[in-house]
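Data first, discussion second: the structure below is written as C-alpha cells.
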Amino acid sequence: MRILLAVDGSAVSTRAAKHAAMLYKQFAVKPELFVLFADEPILSGFAAHLGAEGVKAYHAENVQSALKAARAIFRRAGVPFSEHTSFGMPAQTILKAVSSLKCELLIMGSHGRGAFKSLVLGSVATKVLSLCKVPLTIVR
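The sequence shown begins at 46 in our numbering and counts up one residue at a time.
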C-alpha cells in the first residue's frame, strides 16, 4: 500500500501526521508513506520584487516550515517516509501526486472553516474530496 500525507504546516496538518503515524503502525505489511507539501506560487509582482534568489529562499522557508512537524512525528515514531515538494495550486498538485506516486490512500487535514468561508476562500480539502479517485481521510 502507498499512502500520501498532504501537509501545510498547520495544526490540523500536524494532527493528520499523527493519524498517519498511528495508521502506519496498525498495518501488518507496512505501507510506503509519502509526505507532500504543495507550495502555492507567489504573485508575479512579488516574485519580481524578490528576484530569483529571493523566490527560492521564500519557497525553501515555506517547505521547511510545512514539513517540520511531520518530520518530527515520523522520526519519533520510527516511521519511514519520503518527502515531496511541489509548487502549484495545492488541490491540483495533491491530486497529481496521488496519481503519479500511485497512492491508494490520501490523508490530509481540513481547517473546517465552514461552508460560507470555503465558498468564498476556497477549500483545498473540498476540492480534493470532489475530485479524488482514491480513499481520502480528512483529519480535523
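Cβ coordinates follow ideal geometry from the N, Cα and C atoms, glycine included.
Here VAL74 is exposed, its C-beta having fewer than 16 other C-beta atoms within 10 Å. Residue burial is scored here from C-beta neighbours: PRO86 has fewer than 16 other C-beta atoms within 10 angstroms and is therefore classed as exposed. With distances taken between CA atoms, HIS104 lies nearest to GLY133 out of ALA170, ARG116, GLY133 and ALA114.
DSSP places GLU106 inside the alpha helix (DSSP H), whose first and last residues are 89 to 122. Checking the DSSP bridge columns, you'll see THR182 partnered with ILE152. For ALA92, same chain residues with a beta-carbon under 7 Å away, outside a window of 5 residues either side, are VAL100 in chain order. For the 8 Å CB-CB criterion, MET46 and LEU151 do not form a contact. If you ignore the 5 residues before and after ASP53, its C-beta comes within less than 6 Å of the C-beta of ALA111, all in its own chain and listed in chain order. Excluding sequence positions up to five before and after HIS129, its CB lies within less than 8 Å of the CB of PHE79, VAL80, LEU81, PHE82, ALA142 and LEU146, all in the same chain and listed in chain order. In the three-state scheme derived from DSSP, where H, G and I count as helix and E and B as strand, ALA56 is classed as helix.
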